[in-house]
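Number of protein chains: 6
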Amino acid sequence: MGKLQDDFNSYRSRMNERVMETANTNIKRFFALDTTSYAAGALDVKTKEMLGLVASMVLRCDDCIKYHLQKCYEEGVNTDEMNEIFMIANLVGGSIVIPHYRRALEFWEELTEQEA
Amino acid sequence: MGKLQDDFNSYRSRMNERVMETANTNIKRFFALDTTSYAAGALDVKTKEMLGLVASMVLRCDDCIKYHLQKCYEEGVNTDEMNEIFMIANLVGGSIVIPHYRRALEFWEELTEQEA
Amino acid sequence: MGKLQDDFNSYRSRMNERVMETANTNIKRFFALDTTSYAAGALDVKTKEMLGLVASMVLRCDDCIKYHLQKCYEEGVNTDEMNEIFMIANLVGGSIVIPHYRRALEFWEELTEQEA
Amino acid sequence: MGKLQDDFNSYRSRMNERVMETANTNIKRFFALDTTSYAAGALDVKTKEMLGLVASMVLRCDDCIKYHLQKCYEEGVNTDEMNEIFMIANLVGGSIVIPHYRRALEFWEELTEQEA
Amino acid sequence: MGKLQDDFNSYRSRMNERVMETANTNIKRFFALDTTSYAAGALDVKTKEMLGLVASMVLRCDDCIKYHLQKCYEEGVNTDEMNEIFMIANLVGGSIVIPHYRRALEFWEELTEQEA
Amino acid sequence: MGKLQDDFNSYRSRMNERVMETANTNIKRFFALDTTSYAAGALDVKTKEMLGLVASMVLRCDDCIKYHLQKCYEEGVNTDEMNEIFMIANLVGGSIVIPHYRRALEFWEELTEQEA
């Protein structure tokens, strides 16, 4: 696992454990919804992860972007498809998204380069 | 065509004509990008329109939501699929999206009821 | 009930019924969370409704603002308290909130004038 | 004065009067800042109104847009200049701004047509 | 004082000093409003700081969140109350708030652990 | 070149190169629009860069702010003018902008101190 992924995942895992130890019932239900909403249903997981990614990009949340980039990669989204998602995010969200696109591209390249 | 669609499309068409008559070259290029980015490529049109819809919902733009609802309907998105998109939009964007979801549902029902 | 409240509540009720008839399980769970999160707990309902109102104002959602104004009114928030909430919303969210504040004030005055 | 301007200005004036009658001191100070910040200083009024307009467009507040369109018009911004502001707003804020641009264009045309 | 607080407060203090040395009158007035709006009035300071916190969370500003977490802690907000604020912020703002909630929780735990 | 500028520019340049090597045609067209929209036209470059800055501040994108601060500096915006832009950004965007203003001020001081 590359450095960017490692940094992101280790902090996320550590703090999600703290959430599970300290949160109230409603927060835990909200986190459960955050998991089950991306499960296969009428739409497959790949499509849902692409939806989660584009939503995260236009709302400009780097951590959310990293999470969904990993999931998209696991679901087999290829670089041509990813570029079309990047374009829709830049288009809808505007040039204010570009710095997040740069960081997303860096993260995506770390994900895809580990293949080689 | 139902009333909600008609109101939306007639204003949009009328003002897009005014845009084309008055805008400068860069604005016209931006509008062209807004069209070509949703064309079939590595991703099909249906997927891209779902991406456009979820982005519009989390950014809470009713007109953009209506536009992509029409396109999703034309591309064959069914109501079960649409509900999963609605859920991801509500989840990622939060309860602040709910009033837009209500209006989206009303528009979607107008679109799907015309079948009967 | 004044006209602004009536218009808001009748549309909201009608579409919430459509939601309950058409939504999937996760959407219904999300709506349930939206109710239970404002119930009395460590914080009382009045405080939670003020939190919901200020969040709705800085995110600039007129329907959400109307909903929480009604709840705040029912919970006994008075006009001096409401003005301090309005100020924090304008301050944190900026002058872009002012048009929403104007509409909120109009709605609040309808709520409080029915007393007389 | 055209219909769009009239509707906007009459509601705005009426509610600003209610604000002045009901608001607390801090809200009044905030409104005062909202006036004095656009006064001539190191930057002239025309530049400041263009800044207010582009900020309003990327934050997608139709009422704020209308207000600054009027001010820009009074300060002598011409249609070529306005189109360049529209482009920067669409570019930075993304296609989600387009419906607001359509309404802004309609309002701008009402402003400029009254000359003829 | 824990490391997270220390990093935040030292940068904030240093730059607020630069603001006070370089800003114009209106900026100073705006900063003054930012202080006086949270003073006790019709609402007590604890309530106002909770309002400031939830507004900062749904607008997803980590620095603003840290500031109001400190103030809430000083005003005696306990962890059960804080969890209910966290829930309302996640609910209204959506899952896009979760990464900010993780960082808020980390900061909150640093604040509350210093008691032991 | 100061450290803040150097860090920002080196990452930006490196990733923009990756964009140019990996992006699809539409993304490249979008980046081209992002350049040409700030070129001199009916409005001069200085005015356009001030528009880009205020838009970036109210949308709270630190990287975008840094970029336009550099451009404004190159176009001869002086500190009195900059303070008036800062004020409009804080006013329109609200106190949630303040942490970004602090970082903008730090960057601006690095830019202007290199003169001495």
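Residue numbers (the working numbering), protein chains in the order written: chain A, 1 to 116; chain B, 1001 to 1116; chain C, 2001 to 2116; chain D, 3001 to 3116; chain E, 4001 to 4116; chain F, 5001 to 5116. For each residue, glycine too, the CB sits at the ideal point set by N, CA and C.
Three-way DSSP call (helix, strand, coil) for residue i in this model
i         : result
ARG3018/D : helix
GLY3076/D : coil
ALA1089/B : helix
ALA1039/B : coil
GLN5114/F : coil
MET3082/D : helix
GLY1052/B : helix
ALA5032/F : helix
ALA104/A  : helix
ASN5024/F : coil
ASP1007/B : helix
Segment limits, alpha helix (DSSP H) that includes residue i
i         : result
CYS1061/B : It is not in any alpha helix (DSSP H) - CYS1061/B carries neither H nor E in the DSSP assignment.
Exposure of residue i, with buried meaning 16 or more beta-carbon neighbours within 10 Å
i         : result
GLU3074/D : exposed
GLY3094/D : buried
THR36/A   : exposed
SER1056/B : buried
MET3050/D : buried
ALA89/A   : buried
MET4082/E : buried
GLY5052/F : buried
MET1/A    : exposed
MET2020/C : exposed
Among the options, the one whose alpha carbon lies nearest that of residue i
i         : options                                       : result
LYS4071/E : VAL4054/E, ILE4027/E and ALA4089/E            : VAL4054/E
GLU1017/B : ASP3063/D, TYR3067/D, LEU3105/D and GLN3114/D : LEU3105/D
TRP3108/D : MET3087/D, LEU3059/D and HIS3068/D            : HIS3068/D
LEU2091/C : LEU4033/E, CYS4061/E and HIS4100/E            : LEU4033/E
MET3087/D : THR3112/D, VAL3058/D, GLY3076/D and ASP3063/D : VAL3058/D
ASN4024/E : ASP5006/F, THR5025/F, ILE5085/F and GLN5114/F : ILE5085/F
ASN4078/E : ASP4062/E, HIS4100/E, THR4047/E and ILE4098/E : THR4047/E
SER4013/E : LEU5111/F, GLN5114/F, MET5015/F and ILE5098/F : ILE5098/F
GLY5041/F : ASP3080/D, ALA3039/D, ASP3006/D and ILE3027/D : ASP3080/D
SER2010/C : ASP2063/C, LEU2043/C and ILE2027/C            : ASP2063/C
LEU43/A   : LYS1066/B, PHE1030/B, ILE1027/B and GLY1076/B : GLY1076/B
ALA3039/D : ALA4039/E, PHE4030/E and ASN4026/E            : ASN4026/E
LEU5004/F : ILE5096/F, HIS5100/F, LYS5066/F and ARG5102/F : LYS5066/F
ARG4103/E : LYS4028/E, GLN4114/E and ARG4060/E            : ARG4060/E
TYR1101/B : THR2112/C, LEU2111/C and PHE2031/C            : PHE2031/C
THR112/A  : THR5022/F, ASP5006/F and ASP5007/F            : THR5022/F
GLU2110/C : LYS3028/D, MET3015/D, PHE3008/D and ILE3096/D : MET3015/D
Proximity test, residue i beta-carbon vs the ligand ZN heavy atom, cut-off 8 angstroms
i         : result
GLU3074/D : Inclusion of the ligand ZN in the displayed structure is not the case, the ligand content being empty and no account of it being possible.
Short-range partners of chain C found in the region 1068–1085 of chain B, where Cβ spacing is below 8 angstroms:
Listed by position along the chain: THR1079, ASP1080, ASN1083 and GLU1084.
Please list, in chain order, the residues of the region 1015–1026 of chain B that have any C-beta partner in chain F closer than 9 angstroms.
Within the region 1015–1026 of chain B, the qualifying residues are ASN1024, THR1025 and ASN1026.
Listed in chain order, which residues of the region 5088–5099 of chain F have Cβ atoms closer than 8 angstroms to some Cβ of chain C?
Here the close residues are ASN5090, LEU5091, VAL5092, GLY5093, GLY5094, SER5095, ILE5096 and VAL5097.
Taking only beta carbons into account, state which residues of the region 2025–2053 of chain C come closer than 7 angstroms to chain I, listed in chain order.
Absent from the structure is chain I; the protein chains it does hold are A, B, C, D, E and F.
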